[in-house]
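Residue 69 in this note's numbering sits at position 63 of the sequence shown, with consecutive numbering throughout.
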Amino acid sequence: MQKQAKNLIDKLGLDVRLLGMIGALVVIWVVFGIFTDGRFLSPRNFFNVSVQTASVAVMATGMVFVIVTRNIDLSVGSMLGFIGMTVAALQVQWLPQLVGLGHWSIWIIAVFAAVFMGALLGAFQGWIIGYLTVPAFIVTLGGFLVYRGAMWWVTKGQTQAPLDPTFRLLGGGAEGTLGETLSWGFGIFASVVAVALMLMSRRNKASHGFTVKPVWAEGVLIAIAAGLIMCFVWIMNSYPIPKGAMRRMTEAQGIEYTDGLVWNHGVAIPVVILLGVAIVMTIVATRTRFGRYVYATGGNPEAAELSGINTRLLTVKIFALMGALTGIASIIASARLNAVDVGLGTLDELRVIAAAVIGGTALAGGAGTIYGAVIGALIMQSLQSGMASVGVDAPLQNIVVGIVLVFAVYVDIVYRRRTGA
7 MQKQAKNLID KLGLDVRLLG MIGALVVIWV VFGIFTDGRF LSPRNFFNVS VQTASVAVMA
67 TGMVFVIVTR NIDLSVGSML GFIGMTVAAL QVQWLPQLVG LGHWSIWIIA VFAAVFMGAL
127 LGAFQGWIIG YLTVPAFIVT LGGFLVYRGA MWWVTKGQTQ APLDPTFRLL GGGAEGTLGE
187 TLSWGFGIFA SVVAVALMLM SRRNKASHGF TVKPVWAEGV LIAIAAGLIM CFVWIMNSYP
247 IPKGAMRRMT EAQGIEYTDG LVWNHGVAIP VVILLGVAIV MTIVATRTRF GRYVYATGGN
307 PEAAELSGIN TRLLTVKIFA LMGALTGIAS IIASARLNAV DVGLGTLDEL RVIAAAVIGG
367 TALAGGAGTI YGAVIGALIM QSLQSGMASV GVDAPLQNIV VGIVLVFAVY VDIVYRRRTG
427 A
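This is the structure:
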């Protein structure tokens, strides 16, 4: 039986580590579902978990590149807080005086400012690491302290709220979703993209003479991928919007509210942003020269440099990308809370690193996947949300997450030794 299962996995070309992560995620869901009498498996909880996962997962996709090249970034949590506080101050204090309170351009300026700030700060750190040869651990540890202090300095520690109404939609909530109809369209689009990427990968392997899966195996995987996407959309479309939010939304749209009126959330905008980031980062990692250089440098930095790769400039680009993704994550995190205080982003750097490592990114460099980091972030958030739902105290939650992280790294080390990866 075990041999037959192994043969099936080989024919399908499945990644054993990916199966292990999915299995661990399912076990977490089932266990907490039992302990919460099914509440953990409700559409409401899945919606909240998906939104809470988004900001960490976005940063984790960038952390894959950082760790693959044998670096580390300890500053992303503090950078997220600093960018979030600055962008919030833009919306609350500065832009209303320049363009007028409630002006349509405020949220656009805020989004561009967040991404630009992140890219600039990340590029500066990358320049110090690449060209001044200061270890990444020290540079980003310094950034961790500097950005957290600068966050307080921007507003003297004052909480910035409320944020621009349109900007808040980027954080999810009842209003920050696609709605039922658009969510089905999103599911169909995402399924088509997933199928297209899988078929392109198959054709690319065949054109280079690599062994490809049997047609039936490829069909099974395509059906599973599309089925999971549409199942997720169905779950999101099964979560009704609370009555209070319904009254606000119908009033804003000029619709008469009645007790029998029911609208469902649909897919949250942060999840759409995460999917877009994951697709782009996957294409960058697997189909661009930059991505090939990243993995080549992580596999053997000396050989990569001798082959003509400008590893110093590459380091600057990687950290600039990490910073830009941190800017996107700061948009999601601050918009979700509709306020920014000095605690925003606290310990996020550890959650991001943990998500990448749990997702299979090797700390020794040279190996890691974008989808693994996203699943790792989902595992982390599911674990924390599940423990909170059963009444586990925050200190004990941190203990459990720490143990899981160490165990995940140990399992990865054992796997690589046995497979020679």
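Think of the CB as a built atom: it goes at the ideal place given N, C-alpha and C, for glycine as much as any other residue.
Note that the structure is predicted; figures quoted are calculated from it, not measured.
Taking 7 Å as the limit between beta carbons, can you name the residues of its chain near residue i, skipping five residues before and five after?
i      : result
GLY39  : PHE46, LEU47
TRP190 : VAL239
GLY304 : VAL74, THR75, ARG76, GLY371, GLY372
ALA302 : ALA310, ILE315
VAL273 : THR183, LEU184, SER189, PHE192, VAL239, MET242
ILE228 : VAL201, MET204
TRP158 : VAL348
VAL268 : PRO246
VAL121 : ALA330, GLY333, ILE334
SER111 : VAL105
Starting from residue i, trace the alpha helix (DSSP H) both ways and give me its first and last residue.
i      : result
THR375 : No alpha helix (DSSP H) contains THR375, which DSSP labels as neither H nor E.
ARG45  : Segment: none, ARG45 is in no alpha helix (DSSP H) and carries neither H nor E.
ARG295 : 295-305
ARG253 : 249-258
ALA116 : 112-137
THR92  : 82-95
LEU234 : 221-242
PHE143 : 142-161
ILE364 : 354-364
PHE173 : 171-174
VAL105 : 101-105
By how many angstroms is the C-alpha of residue j removed from the C-alpha of residue i?
i      : j      : result
ALA383 : VAL82  : 15 Å
LEU203 : VAL380 : 17 Å
HIS214 : MET242 : 40 Å
LEU151 : LEU353 : 12 Å
THR367 : MET252 : 43 Å
ALA414 : LEU343 : 31 Å
LEU96  : ASP170 : 10 Å
TYR416 : LEU369 : 12 Å
VAL64  : VAL412 : 22 Å
VAL286 : THR264 : 42 Å
VAL358 : GLY266 : 43 Å
ASP43  : ARG50  : 14 Å
PRO168 : ALA180 : 17 Å
THR139 : ILE324 : 15 Å
THR332 : LEU280 : 12 Å
VAL22  : GLY365 : 12 Å
ASN404 : VAL396 : 15 Å
ASN270 : SER391 : 22 Å
ALA291 : LYS249 : 44 Å
THR317 : ALA232 : 38 Å
GLY297 : PRO307 : 14 Å
LEU104 : GLN131 : 32 Å
LEU312 : VAL410 : 39 Å
ALA326 : ARG209 : 32 Å
GLY282 : PHE173 : 18 Å
GLY225 : GLY408 : 39 Å
ILE376 : GLY148 : 27 Å
ALA212 : THR288 : 20 Å
Tell me, please, which residues DSSP counts as bridged to residue i.
i      : result
GLY166 : It is worth fixing the name first, because residue 166 is Gln in this sequence and not Gly. GLN166 pairs with VAL346.
PRO246 : ASN270
THR183 : ALA274
Once the 5 residues before and after residue i are set aside, which same chain residues still bring their CB inside 6 Å of it?
i      : result
SER61  : ALA335, ILE338, ALA339
TYR299 : ILE315, LEU320
MET27  : ILE381
ILE135 : ALA142, VAL145, THR321
SER244 : PRO49
VAL93  : ALA116, ALA119, ALA120
Between residue i and residue j, which are expected to be in contact by the criterion C-beta below 8 Å, what is the C-beta distance as a whole number of angstroms?
i      : j      : result
VAL277 : SER56  : 5 Å
MET85  : LEU127 : 6 Å
LEU24  : GLY260 : Not a contact, Cβ separation roughly 48 Å.
GLY182 : LEU175 : 4 Å
LEU389 : VAL406 : 7 Å
ILE114 : LEU101 : In fact, because the Cβ distance is near 10 Å, the residues do not count as touching under 8 Å.
VAL4   : GLN166 : Past the edges of the chain, shown from 7 to 427, lies residue 4, and the structure says nothing about it.
THR161 : MET91  : 6 Å
State yes or no: is the beta carbon of residue i nearer than 8 Å to at least one beta carbon in chain B?
i      : result
LEU267 : Checking the listed chains, one finds no chain B in this structure; it contains a single protein chain.
Once you ignore the five residues that flank residue i on each side, which residues in its own chain have a CB closer than 8 Å to its CB?
i      : result
GLU262 : THR256
ALA30  : ILE385
TYR453 : Given a span of 7 to 427 for the chain in the structure shown, any question on residue 453 remains unanswerable.
ASN54  : SER391
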